[in-house]
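Chemist: Residue numbers (this note's numbering): -13 to 256. Glycine included, every Cβ here is placed at the ideal spot set by N, Cα and C. Have a look at the structure that comes next, please.
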Amino acid sequence: MAKVVVITSGKGGVGKTTSCASIGTALAMQGFRTVLIDFDVGLRNLDLVMGCERRVVYDLINVLSGEAKLSQALIKDKRLDGLYMLPASQTRDKDALTLEGVEEIINELKEDFDYILCDSPAGIERGALLAMYFAEEAVIVTNPEVSSVRDSDRIIGLLDSKTRMAEQGQAVPSRLLITRYNPERVEQSEMMSVKDIEEILAIPLVGVVPESEAVLKASNQGIPVVHDQESDAGQAYSDMTARFLGEERDMRFAEIEKKGFFSRMFGGRR
Ligand SMILES: Nc1ncnc2c1ncn2[C@@H]1O[C@H](COP(=O)(O)OP(=O)(O)OP(=O)(O)O)[C@@H](O)[C@H]1O
Ligand SMILES: [Mg+2]
């Protein structure tokens, strides 16, 4: 029976889709059957980041409106067994997106998968509420800036009130994923620190992903950055997923890397 996890943030452009693709990939690498659902109807980005945009035939809206079966719309990842995605529609027709329809899809997927990751659209309106409604766990993606932290705070409030678990009197376990983190800029007081964000949001930290050129490069190639284990962001997503699964790992990338003796003497890559 799958666990439903929403990747959400409130604010747009903070790295939800990037994170969803890499967490899903990392879970599948660990052998978990994982399906990613793109709830961003109208924009549709997850298929690009996963590199399967050319294989999209049917989408979430087609399934919801009965034009296609779920099995016809699911796209199997070309790199990993046990990883699938359900793309969003690029049409603006969001009327078919109903709670009952989404529930049916999630129930069907639950039979077959270990994890269902819901990539939420930005905002705090219908699409975002639908993406979170059936969540049994949440990853709150936050950038180290005031507006992102404030929106994450609002989303945490909604998880506590507008989800099925909340209606049943339970809290959705939520964890904080800080992305696009730049310790140098934190040091210069241009960005909020991990500690500041943790204090304000008061949910457990599951990972810190640095601002990294590797992310853009990977998404342009349609390869989730976690496949690039040479990169800082790729390693950060591996660590994060391991923590998500209960492992303890050092929080790398949260502080300015202190150069060791040899690299100070001879230079070297940071
Ligand atoms: N760690 C990172 N380092 C550098 N760039 C990043 C990082 N994470 C995400 N980005 C870039 O930020 C942009 C937004 O990322 P992404 O699409 O994942 O955000 P989103 O929260 O899903 O956006 P939306 O709210 O529009 O759905 C992309 O161009 C992505 O490549
Ligand atoms: Mg997105």
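Within the present structure, is the beta-carbon of T11 separated from the nearest heavy atom of ligand 2 by less than 7 Å?
Modeler: T11 Cβ: outside cutoff for every heavy atom of ligand 2.
Chemist: Measuring straight from C-alpha to C-alpha, what distance separates R30 and M15?
Modeler: Cα to Cα, the separation comes out at about 24 Å.
Chemist: Thinking C-beta only, is K62 closer than 8 Å to R70?
Modeler: Per the sequence shown, residue 70 should be read as Tyr rather than Arg. The answer is yes: Cβ separation under 8 Å.
Chemist: Is it buried or exposed for M177, if we count other Cβ within 10 angstroms and need 16 for buried?
Modeler: By the 10 Å Cβ count, M177 comes out buried.
Chemist: In terms of DSSP beta bridges, what is A138 paired with?
Modeler: Checking the displayed sequence, the identity of residue 138 turns out to be Ser instead of Ala. DSSP, once it has assigned bridges, lists no residue as partnering S138.
Chemist: CB S198 to CB A219, shorter than 8 Å?
Modeler: Yes, they are a contact pair.
Chemist: In chain order, what residues of the same chain have a beta carbon less than 6 Å from the beta carbon of D33, not counting five sequence neighbours either side?
Modeler: Excluding residues within five positions, the ones whose Cβ falls inside 6 Å are E39, V42, P73.
Chemist: Taking 8 Å as the cut-off, decide whether the C-beta atoms of A240 and V180 are in contact.
Modeler: Closer than 8 Å, so yes.
Chemist: Cutting at 8 Å between CB atoms, please list the residues of its own chain near Q207, excluding the five before and the five after it.
Modeler: G37.
Chemist: Is K2 close to ligand 2? I mean its beta-carbon at under 7 Å from any heavy atom of the ligand.
Modeler: Yes, Cβ of K2 sits closer than 7 Å to a heavy atom of ligand 2.
Chemist: On the DSSP bridge assignment, give the partners of I61 in chain order.
Modeler: Partner(s): M71.
Chemist: In this structure, how does DSSP classify S224 when only helix, strand and coil are distinguished?
Modeler: Correct three-state label for S224: helix.
Chemist: Give every residue of the same chain whose Cβ lies closer than 6 Å to the Cβ of R255, excluding the five residues on either side of it in the sequence, and list them in chain order.
Modeler: At R255, the pLDDT of 47 sits below 50, so the modelled position is not reliable and the matter cannot be decided from this model.
Chemist: Distance check for L163 and I126, CA to CA, integer angstroms please.
Modeler: Using only the alpha carbons, I get a separation of about 6 Å.
Chemist: Classify P107: buried if its beta carbon has 16 or more other beta carbons within 10 angstroms, exposed otherwise.
Modeler: With 16 or more Cβ atoms within 10 Å of its Cβ, P107 is classed as buried.
Chemist: Would you mind giving the Cβ-Cβ distance between I189 and I142, rounded to the nearest angstrom? I have them listed as a contact below 8 Å.
Modeler: About 7 Å; that satisfies the 8 Å criterion.
Chemist: Does the distance between the C-beta of D26 and the nearest non-hydrogen atom of ligand 2 fall short of 7 Å?
Modeler: Indeed, a heavy atom of ligand 2 lies less than 7 Å from the Cβ.
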